[in-house]
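Input: a single structure, listed below in structure tokens.
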Amino acid sequence: MIATGLLAELPALPLHTAGKYVAAAYIVLFAMVLVYLAIISVRMSRTERELGELLERLDGDQPATPRQADREPGAER
Amino acid sequence: MASRPYGKGLRALSITTVAAMTAALALVFFYAPLEAEQGFLQKIFYVHVPLAIVSLCGFVLGGLLAIQHLRTRDSRWDMRSYVAIHMALIFGLATLITGSIWAKGSWGHWWVWNEPTLVSFLIVFLLYATYQPLRFAIEDPERQSRYASVFAVTAGAFVPLNFIAVRMSTSFLHPRTLSSTSNLPGSMGFTFLVSVVAIALLYATLCKYELTVKHTRAQVRALRRRLVAEDSPARGRSAAPSGLPEEEPRPAPGPDGLAPGGQRFGSAPGTAA
Amino acid sequence: MSTAVDGGAATAPERSEQSPARPQPAFWSTVAAVMRKELLVELRTLESVPGMSLFAVTTFVVFHFALNRGSVEGDLAAGILWVTLLFAAILGVNRLFVADADQGGFDGFLLAPVDRAAMLVAKVATLLLYLLALELVAVPAFSILLLGPSVGPALPGLLATLALGDVGVAVIGTLVAAMAVRTRSRDLLGPLLTLPLFVPIVIGGARCTAPLLEFAHRSGPSGRWLATLGVYDLVFGLLAYALFDFLLED
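Rendered as structure tokens:
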């Protein structure tokens, strides 16, 4: 529906030639953002895992230590 | 000393960025009129030139942040400078790719020398591509940050000069074809402005994202070091700065072998590395 | 945590407390002293200048075979001359601080109660002299081997352009050399860092030189480009002066 709306707005164009290039350029932009998101998510999951390990370590070492209020890693300001 | 959290305001910024980018896209494809010469291909202009502008400003910003680092010796400024430059380099790469696509569409060649924005970008890109190798080649972290900051300031000053020099050199040969921002009709100008704002917000959001993640990881490392007195498993050296202000000296252990606060230093027996 | 950044001035008062009869040496005499050391070392070891000159002449020969031409003029001549000079300069830049880094010259200088910027000025001046010596060999070699038009009438403009370009090359070369010398891959990082920074000098230098080396319609260097070179030199000179301290401290 969006595509037909798009085509309705623009006059007759060699869309099959120019359109490919424009699409490619915008895809570059989105690919960049998405690749970046993927990298960040990998890093964040690693951090989450490390925090979990640390918490386990802490519990393992000192069972008597009063546990701090359980806070999710993400909620830590 | 608690470091100022970077994640604050990240959500609001992200939402604003999404709104701005959506608005920009809508304007580009539904509102901006078709250009006479290049037709539909000209729409690349709204992604290529804002990327270029934001990237250049990012490099200069990296230089300014580096000046702050050299003045205050606070490593947080170095991390901000690093992230600004890193992100500007990525945006610069996107500029080169989109510019090349535009050149191919307009002229049939993947590269043109008569477009000064593209050419000076290539030079700037080649210069900043040495930023990470430079950091990587210095092992002492304090010296690494210092030298990187000197580089960032030098390169940041270089960016506008290089731009001017290249522009002067190409004006004799051919008239500029691709990115003429001087006389844009109102609707195109408005669309362009919104696009610049959107890309700038994207840059700011991604930088903040990166800073938050880096800072969090640094805090986790510091936590690990204090709690179990060992470092994170080495995952290879990285060129990135740690980003934490220097930690306060550990309080000396009290008479019963426990540091104030009840934490034991040194690994407890039985814990595997 | 933060070290004193204001050069030698911080150390001078301390010294004068300890040894009361020690005035801080004047800036220019420090520069002269460092330069004297550099030039003496160079004269005795002949490390930099002969190598740079030989490299330039050899490169001209290579260009002859690469371009398959016996004589060049105009844009092509200017380009070949500047590219060769720049790459030969990089050889000199690479070696500029090596002795200091390897043999404790930095520490010695830092301990002395002198203004640290003096080292920058001395090194820049030394590199400038090396470049002038290089050009004394390279320009005649170029005019004999490759240049079509005669070089005589072009000399004044050429010398002015070369002078301005050399100052820029010397400033940037010294700054980058100081950055690169104490890293792990100094021989690689030096050229990688300097070449993009040299591009505006190449642009200005080649644009000024090209009209000088034409057979017909020979004209002088454009004032516009000379001014550009001058501004570039000035900006980077000031920048290097401001930043050099940060590279020296340890």
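Read top to bottom, the protein sequences are chains A, B and C.
Position in the first sequence (from 1) plus 3 gives the number in the working numbering.
Position in the second sequence (from 1) plus 83 gives the number in the working numbering.
Position in the third sequence (from 1) plus 12 gives the number in the working numbering.
Note that the Cβ used here is the ideal one computed from N, Cα and C, for glycine as well.
Given the structure is predicted, the values throughout are model-derived calculations rather than measurements.
Original post:
Do we get a CB-CB distance below 7 Å when we pair Thr213 of chain B with the residues of chain C?
Top reply: yes
**OP:** Give the DSSP-derived three-state secondary structure of Glu59 of chain A in the structure shown.
**Re:** helix
**OP:** List the residues of chain C that Tyr230 of chain B touches, going by C-beta distances under 7 Å, in chain order.
**Re:** Met191 and Leu259
**OP:** Mind listing the chain B neighbours of Thr195 of chain C? Cutoff is C-beta to C-beta under 8 Å, in chain order.
**Re:** Leu217, Ala220, Ile221 and Tyr230
Original post:
Buried or exposed: which applies to Ser228 of chain B, given that a residue is buried once 16 or more other Cβ atoms fall within 10 Å of its Cβ?
Top reply: buried
**OP:** Give the C-beta separation of Leu32 of chain A and Val130 of chain B to the nearest angstrom, bearing in mind that I take them to be a contact with Cβ-Cβ under 8 Å.
**Re:** 6 Å
Original post:
Quick one: Cα of Leu244 of chain B to Cα of Pro212 of chain C, how far?
Top reply: 8 Å
Subject >> Top-ranked residue by Cα proximity to Gly269 of chain B, from B:Ala220, B:Trp160 and B:Tyr114 >> reply: B:Tyr114
Original post:
Nearest-angstrom Cα distance between Val243 of chain C and Leu176 of chain C?
Top reply: 10 Å
**OP:** Tell me whether Leu58 of chain C sits in a helix, a strand or coil according to DSSP, three-state version.
**Re:** coil
Original post:
Looking at the C-beta of Val25 of chain A, does it have a partner C-beta in chain B at a distance below 7 Å?
Top reply: yes
Subject >> For Leu159 of chain C, the residue or residues it bridges with in DSSP >> reply: C:Val84
Original post:
Taking three-plus beta-carbon pairs below 8 Å as touching, is the stretch 104-111 of chain C in contact with the stretch 185-197 of chain C?
Top reply: yes
Original post:
Checking contacts by CB at 7 Å: is Ala41 of chain A closer than that to chain B?
Top reply: no
**OP:** Would you decide whether Asp127 of chain C is buried or exposed? Buried here means 16 or more other CB atoms lie within 10 Å of its CB.
**Re:** buried
Subject >> Residue from A:Leu61, A:Glu53 and A:Gly63 whose Cα sits closest to the Cα of Val303 of chain B >> reply: A:Glu53
Original post:
Where does Gly232 of chain C fall in DSSP's three states?
Top reply: coil
**OP:** At 4 residues or longer, and completely inside the stretch 171-250 of chain C: list those alpha helix (DSSP H) runs for me, N to C.
**Re:** 198-221
Subject >> Closer than 7 Å to chain A by CB, Phe142 of chain B >> reply: no
**OP:** Consider the Cβ of Pro125 of chain C: report whether some Cβ of chain B lies at a distance smaller than 7 Å.
**Re:** no
**OP:** Under 6 Å Cβ to Cβ from Phe118 of chain C, same chain only, skipping five residues before and after it: list those, please.
**Re:** Asp112
**OP:** For the stretch 91-175 of chain B, list the alpha helix (DSSP H) runs that are entirely contained and at least 4 residues long, ordered along the chain.
**Re:** 93-109 and 128-155
Original post:
Where does the unbroken alpha helix (DSSP H) through Ile206 of chain B begin, and where does it stop?
Top reply: Pro199 to Tyr211
Original post:
Can you find a CB in chain C that lies within less than 7 Å of the CB of Leu233 of chain B?
Top reply: Here the sequence assigns Val to residue 233 of chain B, which means Leu is not the residue at that position. Yes, Val233 of chain B lies at the interface with chain C (some Cβ there is under 7 Å from its Cβ).
Subject >> Cutoff 7 Å: Val31 of chain A Cβ touching any chain B Cβ >> reply: yes
Original post:
Is Gln115 of chain C helix, strand or coil when you go by DSSP?
Top reply: coil
Original post:
Over what stretch of residues does the alpha helix (DSSP H) that includes Val311 of chain B continue unbroken?
Top reply: Gly269 to Val311
Original post:
Along chain C, which residues have their Cβ under 7 Å away from the Cβ of Ala95 of chain B?
Top reply: Residues of chain C passing the Cβ test: none, with the nearest at roughly 35 Å.
Original post:
Using the C-alpha atoms, what's the distance from Lys126 of chain B back to Phe256 of chain C?
Top reply: 46 Å
Original post:
Comparing the C-beta of Ile206 of chain B with each C-beta of chain C, is any distance below 7 Å?
Top reply: yes
**OP:** Specify the secondary structure class of Trp190 of chain B as computed by DSSP and reduced to three states.
**Re:** helix
**OP:** For Tyr292 of chain B, return the contacting residues in chain A, with the cut-off set at a CB-CB distance below 7 Å.
**Re:** Ile43
Subject >> Exposed unless 16 or more other CB atoms sit within 10 angstroms - verdict on Lys91 of chain B >> reply: exposed
Subject >> Alpha-carbon spacing of Ala172 of chain C relative to Ser234 of chain C, whole angstroms >> reply: 11 Å
Original post:
At a cut of 8 Å, does the stretch 129-144 of chain C reach the stretch 44-63 of chain C through at least three beta carbon pairs?
Top reply: yes
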